[in-house]
Each structure stands twice: as C-alpha cells, then as structure tokens.
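Only one structure is covered here, and it is reproduced in the block below.
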Amino acid sequence: MPTTLSVNVNAIAMLRNRRDLPWPSLENLGRIALQAGASGLTVHPRPDQRHIRFSDLPVLRALIDDEFPQAEFNIEGYPSEDFLALCERTEPEQVTLVPDDPSQATSDHGFDFRADQEMLKRVVGRLKSKGMRVSLFADGDGDVEAVRLAKSTGADRIELYTGPYGGCYDDPALGATILEKLGQTADAAFAEGLDVNAGHDLTVANLPALVKRIPKLAEVSIGHGLTADALEYGMAETVRRFRRACGQTI
Ligand SMILES: CC(=O)[C@@H](O)[C@H](O)COP(=O)(O)O
Ligand SMILES: NCC(=O)COP(=O)(O)O
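Below, the structure is given as structure tokens:
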C-alpha cells in the first residue's frame, strides 16, 4: 500500500484570514485536492483560530461526506476539552493529538510519553470509544521506550514529527542522519503494532527518501510546502506531484 496524502489546509486558511473575505476558499481548494487524488484533508485548529476557524469544520466535513465518501478528515490539535468536544461534534476519521502550547507559532515537538501517559490514555480511550482513529505526534529520535509507552496509551498510530528532517533541505548529510532516526522510530512502532504517519515540512524533494526508508508509512499530512507549490503549479498538479513523491502510481 503506497503512502497516502492528506492535504493540510491550514496555510490556505491563514491566507484567507488576511481579509474579512471568504477567499481563498478551503472548500473549493479541498475539493480540487480530493479530485486530484488526495486521500483526505487535515486541519489543525488552534484556540485563537488564527488559521482554521471552528466554523470551517462543518463545511469540510460536509464536503467529504457529500462528495468524497472514501476520503478521510484528520483533525490535529492539543487535547483540551474544547478540542475534544470539537472532534466529537465533527467526527473525523482520524484525530492526531499534538502537544502544542497555544502560544506556539507551529508544532515543534512530539509528546513526552512518560509525563503524559495517564492523560493520553484517558483521551485516547474517549476518542476511540466514539469510533475515531487516534494518532499521537511523536519525536522521531529513535527512543524505543517512548514508542512502547505510546502504544500503551491505546493509540492506533504515531505521527513522526519530521520538522528537523524538513529543515535539512540544505544539509543532506544531516538530513540522512535524522532520516535514519526517524526510520528507527518507525521500526520500533511497527514492532509494537502501531501504524505510522508523518508530517511537518515535507516536500516533493524530501518525501522520496522518507518513503524509501519507511515503506510502510501509512499517511503523510502536508500543508506548508504543498501550499507553496500550489501557488506555483496549481493545486491539482501539486497534489499529483506529491502523490508521485509518496510512491503512488498515477
Ligand atoms: C502537527 C503538525 O505538524 C501540523 O499540524 C502543523 O502544526 C501544521 O500547523 P500550522 O500550519 O499551523 O503550522
Ligand atoms: N501533520 C503535519 C501537517 O499536517 C502539515 O505540516 P506542514 O506541512 O504544514 O509543515
């Protein structure tokens, strides 16, 4: 099974929010991405709604339900009560829990599975009891014990935080070292029976080596780099380029 591509529309929302106007439209660009073969849409709402607004969620939920019933909605965020209630209202196929502080500009680390063990068990159980798949944002540092603890929360997947890997676009030797650690973390997850997603700062240039090292990578969620490419190539062609970089035949 080749790695699937979930298109994160956060960056499009950020562009829209520059004005009090409804464009660029998340619904229209989400539709183009799904028509071009993306497997789903990802949003990462934050409490200040600086990009995704809570009101965007029903619109994207309806787009998937009405026009792309095979696609998945993935909602990412810190498991506050408000976030959990938002997930319960929206019923995404997947929730990705991320240990973000509201003041963070973007996600920059995975969970501390030792410190957050009990909280995660509670939250994962709550979401899974409502039928949602749960993935936990994890550092790809080769910490096998952390992966074992992630599994013991009851989660289905981990999402490897690939920011440091993406940041090595101009340093291939360091990129290769980081990639090997990501690969070791994924190997440990597979050994525990966890599936593995990945995301943050992935691009057409750095995806092929990632999926080569982790051939069983289930899904990548990509926003920033994909939106940048969409400005250059258009959304549909960009999705096809990223799908090819994931190893999909199209
Ligand atoms: C968890 C993760 O890496 C992404 O959700 C990232 O946080 C995207 O959010 P922004 O587009 O707000 O940076
Ligand atoms: N989970 C990662 C994600 O959704 C997108 O991250 P980025 O491509 O915007 O860095």
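All the letters of the sequence shown, read from the start, carry residue numbers 257 to 506 under this note's numbering. All residues carry an ideal CB built from backbone N, CA and C; glycine is no exception.
Check                                                                                                                                       : Outcome
When the Cα of residue 386 is compared with those of 354, 405 and 340, which residue comes out closest?                                     : 340
Does residue 421 pass the burial test, meaning 16 or more other C-beta atoms within 10 Å, or should it be called exposed?                   : buried
Check whether the Cβ of residue 273 lies closer than 7 Å to any heavy atom of ligand 1, and answer yes or no.                               : no
Confirm the yes/no value for this check: CB of residue 332, any heavy atom of ligand 1, distance under 7 Å.                                 : yes
Given that a residue counts as buried once 16 or more other Cβ atoms are within 10 Å of its Cβ, and exposed if not, what is residue 491?    : buried
State buried or exposed for residue 468, treating a residue as buried only when at least 16 other CB atoms are found within 10 Å of its CB. : exposed
Rounding to the nearest angstrom, what Cα-Cα distance links residue 499 and residue 416 in this structure?                                  : 19 Å
Residues in its own chain within less than 7 Å of residue 434 by CB, not counting five upstream and five downstream?                        : 420, 421 and 424
With a 10 Å radius around its C-beta and 16 neighbouring C-beta atoms as the bar for buried, classify residue 324 as buried or exposed.     : buried
Closer than 7 Å to a non-hydrogen atom of ligand 1 - does that hold for the CB of residue 363?                                              : yes
By how many angstroms is the C-alpha of residue 418 removed from the C-alpha of residue 363?                                                : 10 Å
From residue 462 to residue 440, what does the alpha carbon distance come to, in whole angstroms?                                           : 18 Å
Please report the straight-line C-alpha distance between residue 348 and residue 293, rounded to a whole angstrom.                          : 19 Å
Output the residues surrounding ligand 2, defined as those with a CB atom closer than 5 Å to any ligand heavy atom, in chain order.         : 264, 298, 455, 456, 457, 477, 478, 479 and 480
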